[in-house]
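If you're matching them up, the sequences are chains R and Z in order. For the first sequence, our numbering assigns the number 1 to the initial residue and increments by one for each residue that follows. For the second sequence, our numbering assigns the number 329 to the initial residue and increments by one for each residue that follows. Built from N, CA and C at the ideal position, the CB exists for glycine as well.
Number of protein chains: 2
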Amino acid sequence: MKIRIGIMGYGNLGRGVEYALAQNPDMELTGIFTRRDPQSIKPVTPGAKVYAAQDAEDMEADIDVMILCGGSATDLPTQTAQYAKLFNVVDSFDTHANIGAHYAQVNEAAKEAGRVGIISVGWDPGMFSLNRLYAEAILPDGADYTFWGRGVSQGHSDAIRRIKGVVDARQYTVPVADAVEAVLRGEHPELSTRQKHTRECYVVAEEGADLARIENEIKTMPNYFADYDTTVHFISLEELKRDHAGIPHGGRVIRTGKTGENGEHGHVISYELKLDSNPEFTAGVLVAFARAAYRMSLRGESGCRTAFDIAPALLSPREPAWLREHLL
Amino acid sequence: MKIRIGIMGYGNLGRGVEYALAQNPDMELTGIFTRRDPQSIKPVTPGAKVYAAQDAEDMEADIDVMILCGGSATDLPTQTAQYAKLFNVVDSFDTHANIGAHYAQVNEAAKEAGRVGIISVGWDPGMFSLNRLYAEAILPDGADYTFWGRGVSQGHSDAIRRIKGVVDARQYTVPVADAVEAVLRGEHPELSTRQKHTRECYVVAEEGADLARIENEIKTMPNYFADYDTTVHFISLEELKRDHAGIPHGGRVIRTGKTGENGEHGHVISYELKLDSNPEFTAGVLVAFARAAYRMSLRGESGCRTAFDIAPALLSPREPAWLREHLL
Chain R
1 MKIRIGIMGY
11 GNLGRGVEYA
21 LAQNPDMELT
31 GIFTRRDPQS
41 IKPVTPGAKV
51 YAAQDAEDME
61 ADIDVMILCG
71 GSATDLPTQT
81 AQYAKLFNVV
91 DSFDTHANIG
101 AHYAQVNEAA
111 KEAGRVGIIS
121 VGWDPGMFSL
131 NRLYAEAILP
141 DGADYTFWGR
151 GVSQGHSDAI
161 RRIKGVVDAR
171 QYTVPVADAV
181 EAVLRGEHPE
191 LSTRQKHTRE
201 CYVVAEEGAD
211 LARIENEIKT
221 MPNYFADYDT
231 TVHFISLEEL
241 KRDHAGIPHG
251 GRVIRTGKTG
261 ENGEHGHVIS
271 YELKLDSNPE
281 FTAGVLVAFA
291 RAAYRMSLRG
301 ESGCRTAFDI
311 APALLSPREP
321 AWLREHLL
Chain Z
329 MKIRIGIMGY
339 GNLGRGVEYA
349 LAQNPDMELT
359 GIFTRRDPQS
369 IKPVTPGAKV
379 YAAQDAEDME
389 ADIDVMILCG
399 GSATDLPTQT
409 AQYAKLFNVV
419 DSFDTHANIG
429 AHYAQVNEAA
439 KEAGRVGIIS
449 VGWDPGMFSL
459 NRLYAEAILP
469 DGADYTFWGR
479 GVSQGHSDAI
489 RRIKGVVDAR
499 QYTVPVADAV
509 EAVLRGEHPE
519 LSTRQKHTRE
529 CYVVAEEGAD
539 LARIENEIKT
549 MPNYFADYDT
559 TVHFISLEEL
569 KRDHAGIPHG
579 GRVIRTGKTG
589 ENGEHGHVIS
599 YELKLDSNPE
609 FTAGVLVAFA
619 RAAYRMSLRG
629 ESGCRTAFDI
639 APALLSPREP
649 AWLREHLL
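(1) Please state the DSSP three-state secondary structure of residue 244 of chain R.
(2) Helix or strand or just coil, what does DSSP make of residue 516 of chain Z?
(3) Measuring only between beta-carbons, confirm whether residue 107 of chain R sits less than 8 angstroms from chain Z.
(4) Can you pull the DSSP bridge partners for residue 356 of chain Z?
(5) Between residue 421 of chain Z and residue 565 of chain Z, what straight-line distance do the alpha-carbon atoms span, to the nearest angstrom?
(6) In chain R, what lies closer than 7 angstroms to residue 351 of chain Z by C-beta?
(7) So which residues on chain Z does residue 40 of chain R lean against when the C-beta distance must stay under 8 angstroms?
(8) Using a Cβ cut-off of 8 angstroms, which residues of the stretch 159-179 of chain R contact any Cβ in chain Z, in chain order?
(9) Going residue by residue through the stretch 102-159 of chain R, where are the continuous beta strand (DSSP E) segments of at least 3 residues, counting only ones entirely within it?
(10) Taking three-plus beta-carbon pairs below 8 angstroms as touching, is the stretch 144-151 of chain R in contact with the stretch 247-260 of chain R?
(11) How many angstroms separate the CA atom of residue 383 of chain Z from the CA atom of residue 361 of chain Z?
(12) Any beta-carbon of chain Z closer than 8 angstroms to the one on residue 127 of chain R?
(13) According to DSSP, is residue 317 of chain R part of a helix, a strand, or is it coil?
(14) What whole-angstrom Cβ distance do residue 447 of chain Z and residue 430 of chain Z have, given they're in contact under 8 angstroms?
(15) Check whether the Cβ of residue 167 of chain R sits closer than 7 angstroms to any heavy atom of the ligand COA, and report yes or no.
(16) Between which residues of its own chain and residue 87 of chain R is the CB-CB distance below 6 angstroms, once the five residues before and five after are set aside?
(17) The stretch 295-312 of chain R: which residues have C-beta closer than 8 angstroms to a C-beta of chain Z, in chain order?
(18) I'd like to know if residue 477 of chain Z contacts chain A, where contact means its C-beta is closer than 8 angstroms to some C-beta of that chain.
(19) How would you write the range of the beta strand (DSSP E) that residue 549 of chain Z sits in, first residue to last?
(20) Residue 625 of chain Z by DSSP, collapsed to three states: which one?
(21) Which stretch, first to last residue, makes up the beta strand (DSSP E) that contains residue 657 of chain Z?
(22) Under 8 angstroms between C-beta atoms, does residue 411 of chain Z make it to chain R?
(23) Between Z/547, Z/540, Z/511 and Z/534, which has its C-alpha nearest residue 527 of chain Z's C-alpha?
(24) Spatial neighbours of residue 305 of chain R within its chain, please: CB distance less than 6 angstroms, with the 5 preceding and 5 following residues excluded, ordered by chain position.
(25) Do residue 126 of chain R and residue 287 of chain R have their beta-carbon atoms positioned less than 8 angstroms apart in this structure?
(26) Give the single residue among R/82, R/142 and R/11 whose Cα lies nearest to the Cα of residue 264 of chain R.
(27) Which residues of chain R have a Cβ atom closer than 7 angstroms to the Cβ of residue 652 of chain Z, listed in chain order?
(28) Could you give the C-beta distance for residue 628 of chain Z and residue 438 of chain Z, rounded to a whole number, given that I count them as a contact under 8 angstroms?
(29) In the structure shown, what three-state DSSP assignment does residue 563 of chain Z receive?
(30) Going by DSSP, name the residue or residues bridged to residue 631 of chain Z.
(31) What number of angstroms, rounded off, separates the C-alpha of residue 75 of chain R from the C-alpha of residue 590 of chain Z?
(32) What separation, rounded to the nearest whole angstrom, lies between the Cα atoms of residue 231 of chain R and residue 38 of chain R?
(33) Taking residue 88 of chain R as part of the beta strand (DSSP E), name the residues at either end of that continuous run.
(34) Mind checking which residues open and close the beta strand (DSSP E) that includes residue 503 of chain Z?
(35) List the residues of chain Z that residue 188 of chain R touches, going by C-beta distances under 7 angstroms, in chain order.
(36) Whole angstroms are fine: how far does the CA of residue 242 of chain R sit from the CA of residue 98 of chain R?
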């Protein structure tokens, strides 16, 4: 019997989950749930059913795991706990400052309902988090560094779009190569925000807009750009659509540490991702953890979990003996 | 109360575990066990006790986890199951073809005794295995590649030392840079053994030995060298001691995969290690998994486990809420 999956929310991430399910033959797509008019949604999967979001409440018996594909700003803070009362759930909640509160809320709902809720899986938080944990446990005398990019930051692109006179924009976060190299050489540098990343902005302005003012507003924007070396390129809408349509991302987690009688031996652990599509990769992680949620639920577990709490073998469709023979 | 650790075997790996324990304040070294004369052992830790190996049999109540630091060829195939009858145990068994049999044997002994036995933890098998599993689960439509080095292969160095006329030798396994780059570019190349690694040999010969014969015997040695591009450098014993005293190693696990409606998006996951000391890094992994063995045993678990079966949080001395706040 296949694991029956629901997709709640059908933006880039939801569609990524739909693609990922097609690569995982032990799973099947039971339905896509949307707050838009279900008639307006065209799923990629032949014969896939689209439901109104509120229909999910009557489908408790039909879905093993609901994968929540909404945003961390407004959707997931309420949705994850809400649906954990009905289903095993998985989300990619990434508002770091609120993970503690989100965990507590989902844990209470999932425990009460006897469901498993896995939160904050994707690549950061998610795979990067796992690498930070493993590396610190192995090399306790050390330091870790996270670099993001080169990749599109949706939040920073949105911030530029809110400036008067801006039609559209795409912002790339770029790690400073010299800083990455210094860390990889084990130099253990102290790096300021400005020394770790630069920000590249591609901006389409309204005709006749004051470009100098727009550039200045971007570069001086607190939190988003003021602490970074930022470059602004004005381009046409055609160029934006032609050259910046993708949603690539990636980055690295590096830990350097010392061992030996007097710390005489240095070690470098580096985990790097280069992703053509941020949402599709995140979807791949969500689907693997959905498998784990289903299995943990079958064992009678309940409550909230993160990637830290889940034995790796639970993510794989393979048998344990196969994993030991082929991947160990 | 600290986790009480025993070290069985006091070579490079055992000493590495001793160093690692000094970096992990939740653990203490109960004793070092050796088949040599205990009086001949000089531990690094002030006041550390050294016992004859057979004394371990009377210390069931004194040790929470015995870390087995013997070799995979002759020690661990008998030791791990033997000591799993008395203690929770951890080993770095790495004879790949025999992992299935080793698992079965340790599982039976540990289950019967109500102990936890964790096998094959180190970096490969160990951290590389974990990265192969996670990456395949996330990107099922893809391929993985493992490159080792640049680093010293003990087995290949030993093979050279057995040649007539050789005084000492050090063999470095070196990944072919072009092959690594092609994989990282997502080209998904088919690579022969020769295309993935080269072998560099530094050899000290007896005075008057036939160097051409030694070089030929190395380069044509089946399994070890015949399938590789091998270079042989004859050096003096002084040069060997001065320039090749360390035991560095490392390598990479890379998985490349496709996602999207028609596999139009490529992704690269790369995990890389650069280690000044192979045994000290391996020791760091063993000690983190010893913590997990202790915790799993406290929960009443028993039997054999690999890195695949262990929730990552069990490796860390940190509280779960701290991990969520700082590393997630």
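Reading off the structure:
(1) coil
(2) coil
(3) It does not: the Cβ of residue 107 of chain R has no partner Cβ on chain Z nearer than 8 angstroms.
(4) Z/332
(5) Just so you know, the alpha carbons of residue 421 of chain Z and residue 565 of chain Z end up roughly 32 angstroms apart.
(6) Those within 7 angstroms of residue 351 of chain Z in chain R are 140 and 141.
(7) Near residue 40 of chain R there are no residues of chain Z at all, since even the closest Cβ is about 19 angstroms away, more than 8 angstroms.
(8) When CB distances to chain Z are screened at a threshold of 8 angstroms, not a single residue of the stretch 159-179 of chain R falls below it.
(9) 116-118 and 142-148
(10) yes
(11) 8 angstroms
(12) yes
(13) coil
(14) For residue 447 of chain Z against residue 430 of chain Z, the beta-carbon gap comes to about 6 angstroms, under 8 angstroms, which counts as contact.
(15) Questions concerning the ligand COA fall outside what the structure shown contains, since it holds no ligand whatsoever.
(16) 63 and 66
(17) From the stretch 295-312 of chain R, only 306, 307, 308, 309, 310, 311 and 312 have a Cβ closer than 8 angstroms to chain Z.
(18) As a matter of chain content, chain A is missing from the structure shown, whose protein chains are R and Z.
(19) Per DSSP, residue 549 of chain Z belongs to no beta strand (DSSP E) and is neither H nor E.
(20) helix
(21) Because chain Z here runs from 329 to 656, residue 657 of chain Z falls outside it and cannot be looked at.
(22) no
(23) Z/547
(24) Once the five neighbours on either side are set aside, the close Cβ partners of residue 305 of chain R are 118.
(25) no
(26) R/142
(27) 99, 100, 103 and 306
(28) Between residue 438 of chain Z and residue 628 of chain Z the Cβ distance is about 13 angstroms, and since that is not below 8 angstroms, they are no contact.
(29) coil
(30) Answer by DSSP bridge pairing, in chain order: Z/444.
(31) 29 angstroms
(32) 41 angstroms
(33) Residue 88 of chain R -> beta strand (DSSP E) spans 88-90.
(34) 494-503
(35) In chain order: nothing, as chain Z lies at least about 14 angstroms away.
(36) 37 angstroms
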